[in-house]
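Residue numbers (my numbering): 531 to 677. The C-beta atom is built at its ideal place from N, Cα and C for all residues, glycine as well.
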């Protein structure tokens with residue numbers, strides 16, 4: 531149990547016994563490990579706030595960077611910057627408002643629904659290039675077989 535009785539003297543006489551308080555940390559460690567596993571599993575799922583049906587690809591996964599910006603295009607053609615909707619015709623202004631640390635443009639990850647035509651995706655990539663974002667990663671689902 532968490533509390534045990536402890537003898538007060540070195541010689542074992544009939545002295546009064548004092549309680550010794552001990553904290554059992556095993557359940558606390560167990561709970562913390564379970565919470566750590568839950569957060570490790572759910573953290574990658576929280577990066578994408580816009581539901582997009584991504585195309586399949588056999589590309590290798592990219593490393594996550596803290597200063598990257600995610601641009602998503604859903605099946606209806608609506609554009610989102612980090613889950614914030616961009617009004618129609620306002621992409622260039624929204625790109626100008628993105629923070630640039632040290633004059634360097636952040637890495638852009640582009641998530642586009644697979645039902646979109648290539649023209650819509652190419653138009654967004656052209657706006658990104660015009661705004662000075664030349665490092666663009668296209669996000670896909672991983673696939674084990676070739677298309």
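- At the C-beta level, residue 600 and residue 639 come within 7 Å of one another.
- In the DSSP assignment, residue 667 falls within the unbroken beta strand (DSSP E) covering 666 to 668.
- The beta-carbon separation of residue 603 and residue 621, rounded to 10 Å, does not stay under the 8 Å limit for a contact.
- Under a 10 Å Cβ-count criterion, residue 642 is classified as buried, with 16 or more other Cβ atoms of the shown protein chains found around its own Cβ.
- Taken in chain order, the unbroken stretches of beta strand (DSSP E) that lie wholly in the segment 558 to 645 and span 3 residues or more are 599 to 603, 609 to 611 and 638 to 642.
- About 5 Å separates the Cβ atoms of residue 637 and residue 665, confirming a contact at the 8 Å cut-off.
- Between residue 560 and residue 628, the alpha-carbon positions lie close to 42 Å from each other.
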